Every structure is written in C-alpha cells, then in structure tokens.
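J.: Residue numbers (this note's numbering): 12 to 136. Have a look at this one.
Okay, here's the thing in structure tokens:
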C-alpha cells in the first residue's frame with residue numbers, strides 16, 4: 012500500500028493585518044503633489060552631436076603617432092636649433108588635418124583588387 016501524503020490541516024483562525032504608521036517625518040520624502048518643481052515641464056536638453064566623431068573607445072594604432080613621439084624626442088634632445096627645426100617641421104606635417112569618416116581616414120591613394128571580368132555573349136537570331 013502506498014504511503015499517503017498528508018497535508019497540514021487548515022486552521023480557521025483569521026489574522027487581521029494591522030496598518031503601520033511611522034510617526035516621524037522624513038525631510039527628503041515629500042508628500043505626493045506638494046513639490047511644485049515636479050509638476051514643471053522642463054524643455055528638452057540639446058546636446059551637440061558631431062557625426063565625424065566615433066562613439067567608441069579607440070586606441071590610436073596609426074604608426075604616425077609613434078613617429079610623432081619619436082620626433083618630439085628628437086626636438087627635446089636636439090644639440091642645435093636647426094636639427095630641432097627640421098624635426099618640428101616633420102611633426103607639424105604629421106599634425107595636418109585629415110578627413111575621418113566613420114573611422115576611415117583619408118588617404119592619398121587606395122588599392123582596388125583586379126577581378127576577372129567574364130562577358131558572355133549570346134546571339135539571338
């Protein structure tokens with residue numbers, strides 16, 4: 012014979028929930044509707060957006076950065092003024108503005124791979 016599972020017996024005793032009222036007032040919790048600045052509609056905030064800036068965190072992997080750092084070292088360690096001026100001119104040339112659209116820096120040239128082109132001609136008689 013299988014063992015019967017016994018459920019606990021229900022009691023008919025009803026317990027009433029008592030309301031709780033906190034006697035002290037808290038200064039940072041205002042009553043609903045008493046703070047006038049909550050009702051005011053504030054105008055929308057406008058932020059400047061520059062679509063040329065990338066919203067992601069990027070490390071500068073461009074070799075021009077390392078070259079610029081080396082040129083700065085040359086300027087600081089230059090023995091004479093002429094050597095420092097040459098390095099400064101090279102550094103200024105690196106710092107010229109360039110076009111940067113969605114992470115694609117402007118280049119003087121780019122390579123396009125040559126793909127074979129097959130032309131299929133059919134005669135309609």
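Even glycine gets a Cβ: it sits at the ideal position worked out from N, Cα and C. What you are looking at is a predicted structure, and each value in this text was computed from that prediction instead of being measured.
Over what stretch of residues does the alpha helix (DSSP H) that includes residue 78 continue unbroken?
T.: Start at 1 with the first residue of the chain shown, and residue 78 comes out as number 67. From DSSP, the alpha helix (DSSP H) with residue 78 extends over 74–88.
J.: Express the C-alpha separation of residue 105 and residue 95 in angstroms, rounding to a whole number.
T.: Counted from its first residue, the chain shown places residue 95 at position 84. Counted from its first residue, the chain shown places residue 105 at position 94. Answer to the nearest angstrom: the Cα atoms are 15 Å apart.
J.: Quick check: the Cα distance between residue 12 and residue 28, rounded to an integer number of angstroms?
T.: For the purposes of this step, residue 12 is taken as the residue at position 1 of the chain shown. For the purposes of this step, residue 28 is taken as the residue at position 17 of the chain shown. With a pLDDT of only 49 at residue 12, under 50, the local geometry of the prediction cannot be trusted, and no value is derived from it.
J.: Residue 34 to residue 26, Cα distance in whole Å?
T.: The sequence position of residue 34 within the chain shown is 23, counting from 1. The sequence position of residue 26 within the chain shown is 15, counting from 1. Roughly 24 Å between the two C-alpha positions.
J.: Can the beta-carbon of residue 86 be found less than 8 Å from the beta-carbon of residue 99?
T.: On the chain shown, residue 86 is found 75 positions in, with the first residue counted as 1. On the chain shown, residue 99 is found 88 positions in, with the first residue counted as 1. Their beta carbons are under 8 Å apart, which means residue 86 touches residue 99 by this criterion.
J.: Could you tell me whether the Cβ atoms of residue 102 and residue 79 are closer together than 8 Å?
T.: Within the chain shown, the letter at position 91 stands for residue 102. Within the chain shown, the letter at position 68 stands for residue 79. Yes, these two residues count as a Cβ contact at 8 Å.
J.: Can you tell me whether residue 93 is helix, strand or coil according to DSSP?
T.: In the chain shown, residue 93 corresponds to position 82, counting from 1. Residue state, collapsed to three classes: helix.
J.: Taking DSSP as the reference, what is the three-state secondary structure of residue 134?
T.: Residue numbering aside, residue 134 sits at position 123 when the chain shown is read from its first letter. In this structure, DSSP gives residue 134 a state outside helix and strand, which the three-state scheme calls coil.
J.: Is any heavy atom of the ligand ZN found at a distance shorter than 7 Å from the C-beta of residue 19?
T.: This structure does not include the ligand ZN; it has no bound ligands of any sort.
J.: Are there 16 or more other CB atoms within 10 angstroms of the CB of residue 82, so buried, or fewer, so exposed?
T.: Working through the chain shown from its first residue, we reach residue 82 at position 71. Classification of residue 82: buried, given that the 10 Å Cβ count is 16 or more.
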